[in-house]
Amino acid sequence: MLFKNTLLTAAVALGLSAPVAMADGHGGTLDKIAASGEIVIGHRESSVPFSYLDENQNPVGYSIDLCMKVVDAVAAELDQELSIKYVPVNPKTRIALMANGTIDLECGSTTNNLTRQQQVEYLPVTFVTGTKILTRKDSGINSVADLDGMAVALAQGTTNERAVMAAVEAAGLDVKILPVRDHAEGMLSLETDRVDAYATDHILLHGLISKSKNPDDFAVVGDFLSFDPYALMVRRDDSAFELVGKKALAEVFRTGEIVEIYSKWFDPLGVPADPLLQAAFILGALPE
599 MLFKNTLLTA AVALGLSAPV AMADGHGGTL DKIAASGEIV IGHRESSVPF SYLDENQNPV
659 GYSIDLCMKV VDAVAAELDQ ELSIKYVPVN PKTRIALMAN GTIDLECGST TNNLTRQQQV
719 EYLPVTFVTG TKILTRKDSG INSVADLDGM AVALAQGTTN ERAVMAAVEA AGLDVKILPV
779 RDHAEGMLSL ETDRVDAYAT DHILLHGLIS KSKNPDDFAV VGDFLSFDPY ALMVRRDDSA
839 FELVGKKALA EVFRTGEIVE IYSKWFDPLG VPADPLLQAA FILGALPE
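Numbering of the sequence shown is given in our numbering, commencing with residue 599 and proceeding in unit increments.
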C-alpha cells in the first residue's frame with residue numbers, strides 16, 4: 599500500500615489497472631467506491647491508540663491499521679486502484695455520517711450495541727473495554743461513590759455518558775456534568791481543573807495519560823461501569839461490503855497478524871490482550 603503524504607487523502611496503489619466500472623453487480627457501497635475510485639474513512643482525532651492524529655496530522659492507530667486491511671480487500675474485490683479520503687468524526691457525528699452515506703468505513707473507538715444497529719452495522723469485535731474514571735492521583739476519587747459534589751466531563755453521545763449518568767443516578771449523587779466534544783477536550787478540562795474527573799473507556803484513558811504533559815499526575819480508578827466491545831462501523835443493510843470487511847479481518851485473526859498489530863499499539867501502554875479479547879479474535883477467525 600502506498601500513501602500520499604497529505605492530510606485528507608492517501609493513494610492506495612496495488613499495481614492494478616482495471617477500470618472503475620469493474621464493480622458492476624456488487625451493489626451498495628462497493629459500487630459507490632468503484633464509481634468514484636475513492637473510499638471514505640471516518641476517523642477520530644484523539645482516541646489514542648485506536649485512531650488519532652500523529653505529529654504530521656495524519657490519522658494513525660490500531661483501528662486505522664485494521665481498516666487498511668479492509669481497504670486492501672476492497673481494492674482487490676473491485677480489482678482497481680483506490681484513493682482514501684479521511685473525514686474526522688466524533689461521538690456526536692460518527693453514526694449520522696455513516697447512516698447518511700458520507701463515510702464508508704469508520705475507524706475509531708466505537709462500541710457495538712443493539713441500539714446503534716438500528717442505524718449502522720459492525721464488523722467483528724476488535725477490542726473489549728469498559729467505562730472507568732480518570733482523575734488526579736490526589737483528588738480523593740477512587741470510585742463513583744467519591745464523585746458526590748464533584749464535576750465530571752463526559753463526551754456527548756457515548757455509551758460512557760449513559761453508563762456514568764446511570765451510576766450517578768442509582769447512587770443518588772450530586773454530580774455536575776460538563777459535556778465535551780471528544781476525549782481531547784475531556785482531558786483538557788481535567789488538566790486545567792475545570793472538572794475533577796473524566797470518564798470514558800478505560801483503554802482510552804490510559805492513552806490520554808500516555809500523551810499528557812504530566813502522566814504521573816493521573817490515575818484510572820474504579821470498577822467497570824459498562825461493557826464495551828469495539829468494532830469497525832459500516833453501513834447497514836449492505837451485506838456485500840460487510841462480507842469483504844469480515845473476510846479481511848478473519849484473515850488477520852486467522853494468520854495471527856493481529857498479534858503483531860495489537861502489540862504495536864498496546865505494548866507501549868502496558869496493556870496485554872485479555873482472555874476475552876483473545877477469544878473474540880478466535881471467534882472472528884472464520885474459515886474460508
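Beta carbons: idealized from backbone N, C-alpha and C, even for Gly.
Asked, Found
"Same chain only: Cβ atoms within 6 angstroms of G625, ignoring 5 sequence neighbours per side", "A838"
"Residue-level contact to chain C via CB, D670, 8 angstroms cutoff", "Within the model displayed, chain C is absent; a lone protein chain is all it includes."
"Cβ-based neighbour list, Q754, same chain, cut-off 8 angstroms, excluding 5 preceding and 5 following", "P689, K690, P777, V778, R779"
"Cβ-Cβ distance between H800 and K844 below 8 angstroms", "no"
"Integer-rounded CB distance, given that L847 should sit under 8 angstroms from L721", "6 angstroms"
"N- and C-terminal bounds of the alpha helix (DSSP H) containing L676", "660-676"
"Residues of its chain near T709, where Cβ-Cβ distance is below 7 angstroms and the 5 sequence neighbours each way are ignored", "T757, D826, P827, Y828"
"Length of the line joining the Cα atoms of D622 and N698", "Any reading at D622 is ruled out, since the residue's pLDDT is 46, under 50, leaving its predicted position unreliable."
"Backbone CA spacing between L676 and L841 [nearest angstrom]", "13 angstroms"
"The ligand COA heavy atom lying under 7 angstroms from the CB of L847", "Although the ligand COA was asked about, the structure shown includes no ligands whatsoever."
"Secondary structure of V869, DSSP reduced to three states", "coil"
"Euclidean distance between Cα positions of I701 and V742", "36 angstroms"
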